[in-house]
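Trainee:
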Amino acid sequence: MTTGHSPPTRLKPRIASSMGKAAILMEALPYIRRFSGTIVVVKYGGSAMDDPSFAQSFARDVALLSQVGIKMVVVHGGGPQITAAMKREGIAPTWVDGLRVTNSRTMELVRRVLGGEVNGEIARLLETSGASAVGLNGVDAGLFRCRRLDNRLGRVGDLVEVNPALVEFLVDGGMTPVVAPLGLGLDGEVYNLNADTVAGALAAALGAQKLVFLTNVEGVYRNPSDASTLISKLTLPELVMMVDRFRGGMLPKLRAVVEAMKGGVSQAHVLDGRIQHALLLEMFTPEGIGTMVIHHEGEEQ
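Numbering that gives the first Met the number 0 puts the first residue of the sequence shown at 0, with every later residue one more than the last.
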């Protein structure tokens with residue numbers, strides 16, 4: 000008596016695996032079609048930057064997204080790298096209201112680390128992963144103009160203007176700009192800027208489809224102290240009502256999301272950068288993996 004099924008062969012598991020991969024590609028296709036030609040600004044930092052495996056995953060994600068026609072822009076931080084460099088130079092970090100005091104000596108080190116070492120390493124990773132990356136900072140072509148934030152902080156800037164022409168030129172030419180958060184002061188000095196604020200302001204100036212923050216947590220929690228309260232989707236009005244309950248590193252990110260979306264950015268995402276291929280999973284799957292912020296309920300991803 001036969002069952003109607005052919006006997007197992009070594010080929011069958013391979014066929015099943017290949018069909019599964021094909022299904023994943025087909026699931027991604029509508030999102031590729033929708034977002035091809037749009038601009039996505041990603042703020043990159045934290046554990047995703049420190050761990051080589053996460054850094055490589057991030058670079059491959061950005062390269063793939065750029066190769067399917069999405070115009071990628073990367074804004075990076077570098078706080079831990081700056082602190083480590085200061086310690087090597089025998090400079091003790093000091094802080095005022097959670098912000099690093101940046102005197103002239105520290106500013107030279109910040110320029111070297113952010114605008115040189117960190118920026119160059121990210122560009123190198125993207126290039127070796129298949130993206131055409133260009134490293135730049137906010138002084139180039141007057142991209143970011145700023146004023147002194149607080150005399151107690153020294154060369155820490157308050158962003159007042161974004162001139163996105165250089166970035167637009169690069170993305171229209173198929174390049175992926177990698178932007179260090181330095182700015183040119185109205186007084187002609189170079190200032191250190193908050194990378195989260197810079198990412199949000201640049202996304203708005205570019206008319207980006209998406210602003211993405213890679214963080215060290217799963218996303219936005221309704222109760223910031225309770226990881227079980229992760230929010231998968233919320234509207235901009237909901238975020239405006241709850242943003243001031245947050246503290247620490249999440250607060251400037253969410254404030255940047257609010258300002259960027261008020262400035263015309265369509266959607267924002269807060270993702271765990273410690274998850275391999277977090278960008279692809281959030282952008283190309285219907286369920287996503289982090290928190291997505293939309294303007295109004297019922298919008299498409």
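Idealized CB from N, CA, C, for every residue including glycine.
(1) Where does Gln55 sit, in a helix, a strand or coil, going by DSSP?
(2) Residues in the same chain with beta-carbon distance under 6 Å from Gly206, minus the five sequence neighbours each way, listed in chain order, please.
(3) Suppose contacts are defined by Cβ-Cβ distances below 8 Å. Is Ala122 in contact with Val112 by that definition?
(4) How many Å lie between Lys252 and Phe212 at the Cα?
(5) Could you pull out every unbroken beta strand (DSSP E) segment of at least 3 residues lying fully inside the segment 60–111, listed in chain order?
(6) Determine the DSSP secondary structure at Phe245, reduced to helix, strand or coil.
(7) Tell me, please, whether the CB atom of Thr196 is closer than 8 Å to any CB atom in chain C?
(8) Rounded to a whole number of angstroms, what is the C-alpha to C-alpha distance between Met282 and Tyr30?
(9) What are the complete beta strand (DSSP E) segments, minimum 3 residues, inside the segment 131–216?
(10) How far does the alpha helix (DSSP H) with Leu113 in it reach, from first residue to last?
(11) Rounded to whole angstroms, what's the CA-CA distance from Thr214 to Thr127? Just pull it up for me.
(12) Which residues in the same chain as Thr284 place their Cβ atom closer than 7 Å to its Cβ, once the five residues preceding and following it in sequence are excluded?
(13) Going by beta-carbon coordinates alone, are Ala255 and Thr196 separated by less than 8 Å?
(14) Mind checking which residues open and close the alpha helix (DSSP H) that includes Ala277?
(15) Comparing C-alpha positions only, which one of Asp225, Ile81, Pro180 and His276 sits nearest to Val73?
(16) Going by DSSP in three states, Val239 sits in which element: helix, strand or coil?
(17) Give me the Cα-Cα distance between His295 and Val39, rounded to the nearest whole angstrom.
(18) Does the beta-carbon of Met240 have 16 or more other beta-carbons within 10 angstroms, so that it is buried, or is it exposed?
(19) Hey, quick one: how far does the beta strand (DSSP E) through Thr234 stretch, first residue to last?
(20) In three-state terms, what does DSSP make of Lys11?
(21) Would you give the residue range spanned by the beta strand (DSSP E) that Asp271 belongs to?
(22) Under the rule that 16 or more other beta-carbon atoms within 10 Å means buried, what is Ser17, buried or exposed?
(23) Would you mind reading off the limits of the beta strand (DSSP E) that contains Thr290?
(24) Can you give me the C-alpha to C-alpha distance between Gly97 and Leu28, rounded to a whole angstrom?
Mentor: By the coordinates alone:
(1) helix
(2) Gly263
(3) no
(4) When rounded, the separation of the alpha-carbon atoms in Lys252 and Phe212 is 7 Å.
(5) Counting only unbroken stretches of 3 or more residues, the beta strand (DSSP E) elements lying wholly within the segment 60–111 are 70–75, in sequence order.
(6) coil
(7) Note that chain C does not occur in the displayed structure, where there is just one protein chain.
(8) 7 Å
(9) 132–136, 143–147, 156–161, 175–179, 181–184, 189–191 and 209–214
(10) Element bounds for Leu113: n/a, residue is neither H nor E.
(11) 24 Å
(12) Glu26
(13) yes
(14) Ala277 to Phe283
(15) Pro180
(16) helix
(17) For His295 and Val39, the distance between alpha carbons rounds to 20 Å.
(18) Met240 is exposed by the Cβ-count criterion.
(19) Counting along the chain, the beta strand (DSSP E) containing Thr234 begins and ends at Lys232 to Thr234.
(20) With a pLDDT of only 49 at Lys11, under 50, the local geometry of the prediction cannot be trusted, and no value is derived from it.
(21) Gln266 to Asp271
(22) In this prediction, Ser17 scores a pLDDT of 48, lower than 50, which makes its location untrustworthy; no coordinate-derived value is stated.
(23) For Thr290, the enclosing beta strand (DSSP E) stretches over residues Thr290 to Ile293.
(24) 43 Å
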